[in-house]
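Chains as they are written, first to last, in this note's numbering: chain D, 9 to 300; chain A, 3 to 326; chain G, 369 to 700.
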Amino acid sequence: MSTTSELVAPPAPTGWKRALGKARSNPTTAVGVVICLLIMAAAIFAPWLAPYDPAEQDIFNRLQPPSAEFWLGTDQFGRDILSRLMWGGQISLTVSLGAIFAAAIIGGAIGLVSGYIGGKFDLFVMQVMDVLLSFPSLILGLIVVALLGPELVNLVVAIALTAVAPFARVARAPTMALKERAFVEAGRALGFSHTRVLFRHILPNILSEVMVMGTLWLATAVRVEASLSFIGLGVKPPTATWGGMTRDGFENILDAPWLAVFPGIAILLLVLGLNMVGDGLRDATDPKLRNE
Amino acid sequence: MSEPVLVVEGLRKHFVAKKGFPKPRTVRVRAVEDISFTIKAGEAFGLVGESGCGKSTAARALLRLIEPDAGTVTWKGENVLTAKGAALKALRRRMQIVFQDPYSSLDPRQSIGDALMEPMRVHGLAEGKEARRRAAALLEEVGLPPAALDRFAHEFSGGQRQRIGIARALTVEPELIVADEPVSALDVSVQAQVLLLMQDLRKRRGLSFLFVSHDLSVVRWFCDRVAVMYLGRIVEEGPAGRVLANPLHPYAQMLRDASPIPDPSRRGVLPRIIGEIPSAANPPPGCPFHPRCVHAMPQCSTQMPAWTAAAGDNQGGVACHLHG
Amino acid sequence: MALFPLPRFAGEGWGGGSAMTGFVIRRLLAAVPTLIAVLTLVFIIVRIVPGDPALVILGDQATPEAIAALRTRLGLDRSLWAQYFSFITSALMGDFGVSMVTGRSITAEVAAVLPHTLDLTIASMIFGVVVGVPVGIWAALNRNGVVDVAARVLSLLGLSFPVFVSGIFLLLAFSLHWRWFPVIGGADLADYGDRLHKLVLPTVALGLIMAAYITRVTRSAMLASLGEDYIRTARAKGVPWRRVVWVHGLRNASIPIVTVVGLYVGILLGNSVLTEIVFNRPGLGKIIVGALNQRDYTMLQGLMVIYCFLIVVVNLITDLLYGVIDPRVKAE
């Protein structure tokens with residue numbers, strides 16, 4: 009028996025790792041990662057980093073413009089804007105990450121199972137998803153939060169509900185392609201159960217697509233959370249939320265425009281950072297662009 | 003020869019699709035209409051025919067990778083088509099498949115070692131170090147270094163992947179291998195290597211083969227017996243030497259004449275090939291081959307020819323009115 | 369986007385009529401089950417999710433008699449199936465019930481302000497197309513050049529703007545600082561000049577996302593389209609480059625562009641709520657906020673249905689546009 013010996017090439021990184029490697033060499037992604045990490049750090053370490061107590065009122069320092077003492081100024085109750093922004097970041101990140109995590113797991117599972125089973129079941133499930141998709145996500149989130157009450161958990165549920173259908177679609181398409189591949193048939197022929205084929209062989213192959221989608225939808229989730237807070241459906245005051253702060257600032261826009269501008273910039277930066285990361289990851293994993 | 007291991011009788015698989023609006027119409031593609039054959043222990047049985055004749059569907063149906071509509075498949079006296087659960091899992095161990103496309107037959111996210119050890123774990127054959135040792139031995143058997151265990155499929159060439167596919171089929175110690183066009187996606191130079199490997203394994207392990215191919219020269223070299231399929235039916239069956247050299251059925255003759263002959267002195271006039279294989283959704287009445295047959299007689303378009311044994315001992319048979 | 373894609377069968381036309389008529393009829397028929405499905409989902413969300421609406425509306429302290437009275441008024445004492453059936457049938461006939469707070473017909477309240485919301489949405493859509501398509505083509509023609517990089521960065525920035533943030537920034541700059549535009553956005557519908565003037569800032573704020581998306585899609589669709597063989601053929605036979613780009617290239621790139629426009633009209637409608645709040649414009653958004661503050665659940669339900677109707681109509685128009693642009697679609 010002859011041994012084929014030309015097989016000594018260094019192992020090439022696969023899939024997700026290759027995507028990360030490619031994404032790192034892209035300046036947009038790098039900037040996006042830095043922005044996201046800075047905001048996350050500011051939010052996570054707010055208890056230690058924030059210069060003031062975010063809820064502490066100080067009537068002698070109401071509506072102060074940005075200064076050395078209050079870097080980003082104070083609001084109508086004399087609360088420090090920078091401190092409130094850092095604490096508010098926790099809410100934005102918790103709600104968005106929670107919602108996207110839930111949507112990715114539920115939507116991903118729906119798409120995976122539906123695409124694998126196929127047939128009439130798949131047709132029905134996907135029609136339900138299409139109907140869900142035909143609701144404008146902001147309106148759907150708004151109604152659900154209005155019905156359930158503006159609590160943190162309900163915000164997560166509402167935003168997750170708006171993102172389930174896109175994840176189901178993203179998981180379903182590659183599942184349908186993969187189940188036609190011979191390695192799935194080989195697994196069946198080797199006596200593997202459907203569960204094993206689905207979760208050990210198909211799931212790892214669609215994971216990177218779902219994760220890229222997750223990053224892109226994280227940006228949307230941050231935007232929807234901020235929008236709901238802006239409308240007044242966010243986590244209730246006195247808890248600081250970026251959308252809520254923008255709304256409060258907007259009411260004082262003639263006297264103290266910075267009140268609305270700084271939270272607005274915070275939201276914009278986080279959404280932009282996430283979009284940059286997601287964009288870079290998508291370019292890196294998109295097979296059409298891979299060979300550029 | 004020895005005992006029959008696999009007996010297929012009257013196997014049928016139709017694909018049904020509803021098409022059209024506002025009046026949906028049922029389209030029935032008769033991929034496999036009626037197939038019967040027997041494979042003996044250690045025998046290599048070839049299934050040949052043009053693409054679309056249903057040979058791959060037949061191979062998948064008897065392994066229950068797709069569920070056949072009718073017929074029986076028996077493995078050493080055990081009914082394959084009614085087996086469930088543990089019995090089916092045990093039967094799957096006995097019969098394995100090697101696929102045509104070496105690029106899609108391996109999970110891109112799984113290392114070769116994992117791909118080889120997973121079936122052993124699923125069937126409780128080996129675990130941990132023992133499984134890894136067995137996997138390395140299998141790689142060696144198919145001509146790959148043990149270092150390949152930690153590599154991924156995309157690091158290998160088509161021929162190497164096909165070797166890995168064969169090794170994976172061997173992990174569960176099967177007795178029959180269904181090889182579905184195992185070399186037709188490979189470069190000609192690599193084809194011979196892979197064929198030699200399979201021939202070698204067959205002798206050493208006493209494997210039986212169901213060898214599905216459209217390439218007559220490969221089948222002639224590899225197989226003991228051959229069945230020729232046309233539109234979901236077997237039109238001729240017999241020893242490979244007899245069927246491929248002196249076929250009785252006009253379709254088998256046409257196939258023989260269309261395949262290249264290495265000796266220029268034996269080349270005659272290029273055969274005339276009439277038309278194309280008809281759609282399996284709308285097969286012609288009577289003998290399925292009559293619209294393309296140069297010998298077609300009136301009865302061919304109305305009557306299905308009966309199976310007739312060929313002259314001589316154990317020379318197979320043919321379904322044709324010329325020989326009826 | 370066909371929500372209920374019909375079975376496709378090559379070569380079979382709709383008996384008798386022209387291909388286009390058959391296509392339109394098929395699409396219209398397909399929209400009905402979609403509408404019913406959408407209504408069903410609204411019904412499920414509104415009736416099942418919060419438990420007893422009467423209890424939710426009146427609160428924990430309400431007397432049992434008050435709750436029973438409200439249940440009768442809302443029709444909640446009937447069986448779920450009866451409620452469902454009457455909800456679907458009246459909604460399909462354009463009756464979305466009455467406001468729990470004012471007692472006025474929801475259809476009438478919405479109809480009074482719908483033109484303002486449609487003005488804004490359609491203007492933003494046009495803004496997005498007028499900005500996005502040329503910029504996208506320009507970027508595609510200068511692939512990896514300065515214009516392309518700038519377009520990519522700016523479009524990424526544009527689609528990261530929550531509409532209330534862009535709205536506030538525009539308001540601060542152009543209304544409060546430079547005073548070019550009024551702060552208040554409501555206009556007399558009959559005074560077209562005024563209506564247009566007050567529409568400018570909200571349109572830019574809302575259309576920014578649309579313009580950003582369309583730029584990106586146009587760029588990639590044009591890149592794909594310009595790489596095709598028929599483009600090389602057109603150039604080889606001497607068609608002027610300008611014509612190659614605008615006629616051959618754009619025509620084939622237009623399917624993905626139309627898809628995106630159709631998809632994002634939903635996002636525009638949703639975000640128009642925020643725009644209307646920021647610019648203090650009358651419209652559906654104002655009604656929604658009012659209903660939220662007054663816990664007017666029948667109004668919220670009606671609004672949700674109306675938004676979905678609008679989306680279904682947009683999907684229908686998108687589908688019909690496919691048929692106009694791409695002859696293969698209607699011949700299916």
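Just so you know, even glycine gets a beta-carbon here, dropped at the ideal spot from N, CA and C. Just so we're clear, the structure is a prediction, and the values are computed from it rather than from any experiment.
Taking G:I456 as the query, report the chain D residues whose CB atoms sit under 7 Å from its CB, ordered along the chain. Numbered from 1 along the third sequence, position 88 holds the residue referred to as residue 456 of chain G. What G:I456 touches in chain D: nothing, since even the nearest Cβ is about 14 Å away.
For A:D182, which beta-bridge partners are listed by DSSP? Along the second sequence, read from residue 1 onward, the residue named residue 182 of chain A stands at position 180. In DSSP, A:D182 forms a bridge with A:V214.
When DSSP builds the beta bridges, which residues end up paired with A:N81? By one-based count along the second sequence, residue 81 of chain A stands at place 79. Per DSSP, A:T76.
Counting only C-beta atoms, is G:L668 closer than 8 Å to chain D at any point? Taking the third sequence and counting its residues from 1, one reaches residue 668 of chain G at position 300. By this cut-off, G:L668 is an interface position.
Own chain residues within Cβ distance below 7 Å of D:G272, not counting five before or after: Numbered from its first residue, the first sequence carries residue 272 of chain D at position 264. Excluding positions up to five away in sequence, the list reads T254.
Residues in the same chain with beta-carbon distance under 8 Å from A:K20, minus the five sequence neighbours each way, listed in chain order, please. Indexing the second sequence from 1 puts residue 20 of chain A at position 18. Closer than 8 Å at the Cβ level, and outside the excluded window around A:K20, lie P26, R27, T28, V29.
In or out: A:A149 buried (at least 16 other Cβ within 10 Å) or exposed? In the second sequence, counting from the first residue as 1, residue 149 of chain A sits at position 147. A:A149 comes out exposed.
Return the residue from the list D:A274, D:L278, D:F207 that minimises the CA-CA distance to D:R92. Translated into the one-based positions of the first sequence, residue 92 of chain D becomes position 84. Minimum Cα distance to D:R92 is reached at D:A274.
From the DSSP output, in three-state form, read off A:T40 for me. Mapped onto the second sequence, residue 40 of chain A falls at position 38. In the structure shown, A:T40 sits in a strand (DSSP, three-state: E or B).
At least one CB of chain D closer than 8 Å to the CB of A:I166: is that the case? Along the second sequence, one-based indexing puts residue 166 of chain A at 164. It does not: the Cβ of A:I166 has no partner Cβ on chain D nearer than 8 Å.
Report yes or no: do three or more beta-carbon pairs, one from the stretch 671 to 691 of chain G and one from the stretch 139 to 158 of chain D, lie closer than 8 Å? yes
For G:N639, return the contacting residues in chain D, with the cut-off set at a CB-CB distance below 7 Å. Residue 639 of chain G sits at position 271 when you count from the first residue of the third sequence. Those are L146, listed as they occur along chain D.
May I ask you to list the residues that DSSP assigns as paired with A:R227? Position 225 of the second sequence, counted from the first residue, corresponds to residue 227 of chain A. DSSP output for A:R227 lists A:F47, A:P241 as bridge partner(s).
Can A:G56 and A:A282 be called in contact, C-beta distance under 8 Å? Translated into positions along the second sequence, residue 56 of chain A becomes position 54. Translated into positions along the second sequence, residue 282 of chain A becomes position 280. A contact, by the Cβ cut-off of 8 Å.
Measuring only between beta-carbons, confirm whether G:A405 sits less than 8 Å from chain D. For the purposes of this step, residue 405 of chain G is identified with residue 37 of the third sequence, where counting begins at 1. Chain D contact via Cβ: present.
What would DSSP say about G:F542, mapped onto helix, strand or coil? By one-based count along the third sequence, residue 542 of chain G stands at place 174. G:F542 falls in the helix class under three-state DSSP.
CA-CA distance, A:G288 and A:G240? One-based indexing of the second sequence puts residue 288 of chain A at position 286. One-based indexing of the second sequence puts residue 240 of chain A at position 238. Rounded to whole angstroms, A:G288 to A:G240 spans 23 Å at the Cα level.
Could you check what DSSP says for A:K20 in three-state terms: helix, strand or coil? Position 18 of the second sequence holds residue 20 of chain A. A:K20: strand per DSSP, three-state reduction.
Establish whether the CB of G:Y675 and some CB of chain D are separated by less than 8 Å. Indexing the third sequence from 1 puts residue 675 of chain G at position 307. Taking Cβ atoms only, chain D reaches closer than 8 Å to G:Y675, which makes this a yes.
Spell out the partners DSSP gives A:E11 in its beta bridges. Residue 11 of chain A sits at position 9 when you count from the first residue of the second sequence. In DSSP, A:E11 forms a bridge with A:T74.
Between A:P286 and chain D, is the shortest Cβ-Cβ distance under 8 Å, so that the two count as touching? For the purposes of this step, residue 286 of chain A is identified with residue 284 of the second sequence, where counting begins at 1. No, because no Cβ of chain D sits closer than 8 Å to the Cβ of A:P286.
How long is the line joining the alpha carbons of A:L141 and A:I166, rounded to whole angstroms? To locate residue 141 of chain A, count along the second sequence from 1; it is residue 139. To locate residue 166 of chain A, count along the second sequence from 1; it is residue 164. Distance between the alpha carbons of A:L141 and A:I166: 7 Å.
Inter-residue Cα distance where the pair is D:I125 and G:R394: Position 117 of the first sequence holds residue 125 of chain D. Position 26 of the third sequence holds residue 394 of chain G. So the alpha carbons of these two residues sit roughly 28 Å apart.
Taking C-alpha atoms, which residue in D:D83, D:A110, D:P174 lies nearest to D:F258? Taking the first residue of the first sequence as position 1, residue 258 of chain D is located at position 250. Out of D:D83, D:A110, D:P174, D:D83 has the C-alpha closest to the C-alpha of D:F258.
By the criterion of Cβ-Cβ separation under 8 Å, what are the contact partners of A:L65 in chain D? Along the second sequence, read from residue 1 onward, the residue named residue 65 of chain A stands at position 63. Simply A197.
To the nearest angstrom, report how far apart A:M256 and D:A111 are at their CA atoms. The count along the second sequence starts at 1 and reaches residue 256 of chain A at position 254. The count along the first sequence starts at 1 and reaches residue 111 of chain D at position 103. Roughly 59 Å separates the two Cα atoms.
C-beta neighbour in chain A for D:E193, strict 8 Å: Translated into the one-based positions of the first sequence, residue 193 of chain D becomes position 185. Answer yes: the Cβ-Cβ gap between D:E193 and chain A drops below 8 Å somewhere.
Any beta-carbon of chain D closer than 8 Å to the one on G:S492? For this step, residue 492 of chain G is matched to residue 124 along the third sequence. Chain D contact via Cβ: absent.
Starting from the C-beta of A:I68, find all residues in its chain whose C-beta is less than 6 Å away, skip the five residues before and the five after it, and write them out in chain order. Within the second sequence, residue 68 of chain A is the residue found at index 66, counting from 1. Correct list, in chain order: R62.
Of all the alpha helix (DSSP H) runs that stay within the bounds of the stretch 541 to 611 of chain G, which reach a length of 4 or more residues? 560 to 594, 597 to 604
Look at A:T74 and A:K15 and say whether their C-beta atoms are less than 8 Å apart. Sequence index remark: in the second sequence, residue 74 of chain A carries index 72 (1-based). Sequence index remark: in the second sequence, residue 15 of chain A carries index 13 (1-based). It is not a contact, given that the beta carbons lie outside the stated cut-off.
Beta-carbon separation of D:L276 and D:G81 under 8 Å? Mapped onto the first sequence, residue 276 of chain D falls at position 268. Mapped onto the first sequence, residue 81 of chain D falls at position 73. No, these two residues do not count as a Cβ contact at 8 Å.
Determine which residues share a DSSP beta bridge with D:D291 and list them. Working through the first sequence from its first residue, we reach residue 291 of chain D at position 283. In DSSP, D:D291 forms no bridge with anything.
Give the residues of chain A in contact with D:P74, contact being defined as C-beta atoms less than 9 Å apart. Start at 1 with the first residue of the first sequence, and residue 74 of chain D comes out as number 66. Near D:P74 there are no residues of chain A at all, since even the closest Cβ is about 51 Å away, more than 9 Å.
Measuring straight from C-alpha to C-alpha, what distance separates D:E349 and A:D189? Missing from the structure shown is residue 349 of chain D; chain D here goes from 9 to 300 and no further.
Give me the Cβ distance between D:G97 and D:M284, rounded to the nearest whole Å; I'm assuming they're in contact under 8 Å. Locating residue 97 of chain D in the first sequence gives position 89, counting from the first residue. Locating residue 284 of chain D in the first sequence gives position 276, counting from the first residue. Rounded, the Cβ-Cβ distance is 18 Å, inconsistent with contact.
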